[in-house]
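Just so you know, the protein sequences line up as chains A and B, in that order. If you number the first sequence the way the numbering used here does, the last residue is 875 and the count never jumps. If you number the second sequence the way the numbering used here does, the last residue is 991 and the count never jumps. Here is the structure we will look at.
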Amino acid sequence: MRIAICARQVLDPEVPPSQFKVDEAARRVVPPPGAAPVVNGFDLNAVEAGLRIRDAAGGQGVEVNVFSAGSGFVMDVMKKPLSMGADRLVLVDDPALASADATATARVLAGAVKLDGTYDLILCGRQASDWDQALVPIGVAEFLGLPCVTLARLITVKDGKARIERTLPGLVQTVEVPLPVVITVSNELGEPRYPTLRGIMAAGRKQPVMVKLADLGIDAADLVPKMTLTRLSVPEKRRTVEIIQGQDDADSGRLLARRLREEKLI
Amino acid sequence: MDFSLTETQELLRKSARAFLAERATPSHVRHAATSERGYNNEFWRDVAGLGWTGLIIPERYGGAGMTFADMAVLLEEWGAALAPGPFVETAVIGAAAITSCANEEQKREYLPRMAEGSLIVAPALLGEAGDWSLSSAGMAASVTQGGWALRGARHFVNYADSAGLFIMSGTLPGVNGPAGAFLAPRPVMELASFTRMATAGGVPTFKIEMAGASLPADARLETQMDGLPVLDRMIQMGAVARSLQMAGAARRVLELTVQYVSGRKQFGRPVGSFQAVQHKCADMAVLLQGARHTAYRAAWAISEGRPAVREAAIAKLSMNEALSQICSTAHQCFGAIGFTWEHDLHLFTRRAVAWRAEYGDTPYHRGALANALGL
Numbered sequence: 610m611r612i613a614i615c616a617r618q619v620l621d622p623e624v625p626p627s628q629f630k631v632d633e634a635a636r637r638v639v640p641p642p643g644a645a646p647v648v649n650g651f652d653l654n655a656v657e658a659g660l661r662i663r664d665a666a667g668g669q670g671v672e673v674n675v676f677s678a679g680s681g682f683v684m685d686v687m688k689k690p691l692s693m694g695a696d697r698l699v700l701v702d703d704p705a706l707a708s709a710d711a712t713a714t715a716r717v718l719a720g721a722v723k724l725d726g727t728y729d730l731i732l733c734g735r736q737a738s739d740w741d742q743a744l745v746p747i748g749v750a751e752f753l754g755l756p757c758v759t760l761a762r763l764i765t766v767k768d769g770k771a772r773i774e775r776t777l778p779g780l781v782q783t784v785e786v787p788l789p790v791v792i793t794v795s796n797e798l799g800e801p802r803y804p805t806l807r808g809i810m811a812a813g814r815k816q817p818v819m820v821k822l823a824d825l826g827i828d829a830a831d832l833v834p835k836m837t838l839t840r841l842s843v844p845e846k847r848r849t850v851e852i853i854q855g856q857d858d859a860d861s862g863r864l865l866a867r868r869l870r871e872e873k874l875i
Numbered sequence: 617m618d619f620s621l622t623e624t625q626e627l628l629r630k631s632a633r634a635f636l637a638e639r640a641t642p643s644h645v646r647h648a649a650t651s652e653r654g655y656n657n658e659f660w661r662d663v664a665g666l667g668w669t670g671l672i673i674p675e676r677y678g679g680a681g682m683t684f685a686d687m688a689v690l691l692e693e694w695g696a697a698l699a700p701g702p703f704v705e706t707a708v709i710g711a712a713a714i715t716s717c718a719n720e721e722q723k724r725e726y727l728p729r730m731a732e733g734s735l736i737v738a739p740a741l742l743g744e745a746g747d748w749s750l751s752s753a754g755m756a757a758s759v760t761q762g763g764w765a766l767r768g769a770r771h772f773v774n775y776a777d778s779a780g781l782f783i784m785s786g787t788l789p790g791v792n793g794p795a796g797a798f799l800a801p802r803p804v805m806e807l808a809s810f811t812r813m814a815t816a817g818g819v820p821t822f823k824i825e826m827a828g829a830s831l832p833a834d835a836r837l838e839t840q841m842d843g844l845p846v847l848d849r850m851i852q853m854g855a856v857a858r859s860l861q862m863a864g865a866a867r868r869v870l871e872l873t874v875q876y877v878s879g880r881k882q883f884g885r886p887v888g889s890f891q892a893v894q895h896k897c898a899d900m901a902v903l904l905q906g907a908r909h910t911a912y913r914a915a916w917a918i919s920e921g922r923p924a925v926r927e928a929a930i931a932k933l934s935m936n937e938a939l940s941q942i943c944s945t946a947h948q949c950f951g952a953i954g955f956t957w958e959h960d961l962h963l964f965t966r967r968a969v970a971w972r973a974e975y976g977d978t979p980y981h982r983g984a985l986a987n988a989l990g991l
């Protein structure tokens, strides 16, 4: 079995809010000085899902490869999935991908996966923490002509089928789908494993497979975003204070509870 | 000499930082400091599971066979989190001493268990009143028919109650030179008395008294390690390991301080916008950078198998000074909140006090440096 994981390098979402800045004129997020990028957290959940499937198969006969499309990759960041135990890292690195939208990114990822051979499972994080659109996995499925199942919290593979538990608000849905399939993985799957020293040393020795857009038969000019970003701003925080004053403490409590219920906070 | 981290070291640093941020939280550190053992078994098992306890142990004994320079990266992160556990004692000093100076049978017996985290090592090197001078009396080794007997006391032994193996220093009969280092497994220590000592750092620390414990003839380690008397090298490694931990702790204190003064408002603006506060933070950063480099320089020298006498002394002297000043300045920047029990700053300040004294306090390393310079 071959499993492809789509992973994205993003700005660390754990950056303190005081350091998060937006250049409204340039319509871009200004990375805080010294802030290192990370692999998108949901994508690490997808890596974990792939590795669990391999573990369940006794570590034999399952290949887990990671694909990423972007620009300016930081290698010790992108090698994290390798240090967790993934077999290979395939990077499509092109300046044109720095401003690519979800459609273009999906097209490039699908092309890279297809170029690398036949895959049974394509796992993606449920969304990326930079723009949170959750579009790329659906696009990859579309470009590959595969079904897509979203929000997986458990994946088991048997007899050419994937059984997927989907996490929904207040509900768990279990679906079955024939392979190959694209699945987006949610954080409910569980924490990604920490790399062991052996994993880190193995990752240090592995070199990523570098792919050019030309290898995929894609012209950079075709990746110009269809969507235009017209404005980027940090929403204004409005804080209002309302003093609930009752006749006595008990009355104040009752009024406060009523007010909170009105706001659907309790 | 290239101080930039390799790709593998960067991966290790990021991985260690993420793991420790998640697992060695301030509440975990507080809980460990008040617990009997001083660390959490599950945490230690997970640390061992990641391979950290076997980092510098050769692969043929179950370790990862990495270098002291690689270990430096981990120690800095371990220090930044104030992670509790006998890591320096077991995975650094114990691992290095046994790898270099024990016989093959001892290596096969101890190193795999140390790598898997099931054997804790406690170096017991210090005489009464914190005297790091190796020639100091306090533990005498005498030759017996079957091997050696140890009689005397060792002080400030960290994690002695958890240890399954002790490395004891003891003066040798009729020898006016360096003391010897002896491997004493737990069963040998059954008749020793352990008295818990009150210390500042939140680590269980003991005085061990031995009334003639018997050790086999091969209990004494080789006399030399990397061209230095074995005990000198062990203390030196401890000093550099502590320096790296102190660099991590200092970095974390600076981060906490900058975060606080950026958010805390007074007179309608963040206190960090006042030049006086900025100068304090800048001074902290300058102190940290200078001292941190000395620690990495010493780690590199040890990694290369060099004697590193000057480097280790300079590193510990620099970090002793820097961390004390950084903690002191941080308390000024935090104001009243930094002096409360609920705030985490005191965890760093108290650990700094303990670390300053461990593996050579400032007078000891001044003396070592002066000797190395031929003064």
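Cβ atoms here follow ideal geometry from the backbone N, Cα and C, with glycine treated the same way.
- Shown here for A:L706: same chain residues with a beta carbon closer than 6 Å to its own, the five before and five after excluded, namely A678, G679 and S680 in chain order.
- With 16 or more other Cβ atoms inside 10 Å of its own Cβ, B:S631 counts as buried.
- At least one CB atom of chain A sits nearer than 8 Å to the CB of B:K630.
- In the DSSP assignment, B:L872 falls within the unbroken alpha helix (DSSP H) covering V846 to G879.
- Legend: CB atoms of the stretch 660-691 of chain A lying less than 8 Å from CB atoms of chain B belong to residues M684, D685, V686, K688 and K689.
- If you draw a straight line from the Cα of A:F629 to the Cα of A:T837, it is about 23 Å long.
- By the Cβ test, the stretch 660-673 of chain A is in contact with the stretch 693-707 of chain A, since at least three Cβ pairs between them sit closer than 8 Å.
- For the options B:G786, B:A769 and B:R982, the alpha carbon positioned closest to that of B:T839 is the one of B:G786.
- Note that the C-beta distance between A:V648 and A:Q618 is below 8 Å.
- Excluding residues up to 5 positions away in sequence, E774, T776, S795, E797 and L798 lie with their Cβ nearer than 6 Å to the Cβ of A:R762 in the same chain.
- As computed with DSSP, B:A797 is found in a beta bridge with B:S785.
- Just measuring C-alpha positions, the residue of B:T624, B:H771, B:T715 and B:T910 sitting nearest B:M826 is B:H771.
- Ranked by Cα distance from B:E927, the first of B:R849, B:R639 and B:E974 is B:R849.
- In the DSSP annotation of this structure, the continuous segment of the alpha helix (DSSP H) that includes A:R661 starts and ends at G650 to A665.
- Considering only B:E720, B:A688 and B:H959, the residue with the shortest C-alpha distance to B:A917 is B:A688.
- Q875, S878 and G879: these are the residues of the stretch 854-884 of chain B whose beta carbon lies less than 7 Å from some beta carbon of chain A, given in chain order.
- Going by C-alpha positions, B:A640 is about 42 Å away from A:K821.
- Only residues of its own chain outside the window of five on either side were considered, and among them G754 and H771 have a CB closer than 6 Å to the CB of B:E744, listed in chain order.
- By the criterion of at least three beta-carbon pairs nearer than 8 Å, the stretch 840-859 of chain B is in contact with the stretch 967-979 of chain B.
- For B:S809, the enclosing beta strand (DSSP E) stretches over residues S809 to M813.
- For B:M730, no beta strand (DSSP E) run applies; the uninterrupted alpha helix (DSSP H) run containing it begins and ends at E720 to A731, by DSSP.
- Here A:F682 is buried, its C-beta having at least 16 other C-beta atoms within 10 Å.
- Cβ atoms of A:V749 and A:V786 stay farther apart than 8 Å, at about 15 Å.
- By the neighbour-count definition (other C-beta atoms within 10 Å, threshold 16), B:L727 is a buried residue.
- B:C717 is positioned such that its CB atom lies no closer than 8 Å to that of B:L807.
- With fewer than 16 other Cβ atoms from the protein chains shown falling within 10 Å of its own Cβ, A:I852 counts as exposed.
- Taking the Cα positions, B:T978 is about 22 Å away from B:H947.
- Close CB contacts of A:T759 within its chain, under the 6 Å cut and outside five residues either way in sequence, are with T793 (chain order).
- Closest option to B:V759, judged by alpha-carbon separation, among B:L831, B:M862 and B:L933: B:L831.
- In the assembly as shown, A:M819 is an exposed residue. Its beta-carbon has fewer than 16 other beta-carbons within 10 Å.
- G667, W668, G670, L671, A680 and M682: these are the residues of the stretch 667-686 of chain B whose beta carbon lies less than 8 Å from some beta carbon of chain A, given in chain order.
- B:L860 is positioned such that its CB atom lies no closer than 8 Å to that of A:I809.
- Setting aside the 5 residues that flank it on each side, A:V686 is surrounded in the same chain by Q618, A645, P646, V647 and V648, each with a C-beta closer than 8 Å to its C-beta; the list follows chain order.
- For A:L825, no alpha helix (DSSP H) encloses it, and the DSSP letter there is neither H nor E.
- By the CB criterion at 8 Å, A:V701 and A:V717 fall inside the cutoff.
- For B:V846, the closest alpha carbon among the candidates B:A795, B:V887 and B:T622 is that of B:A795.
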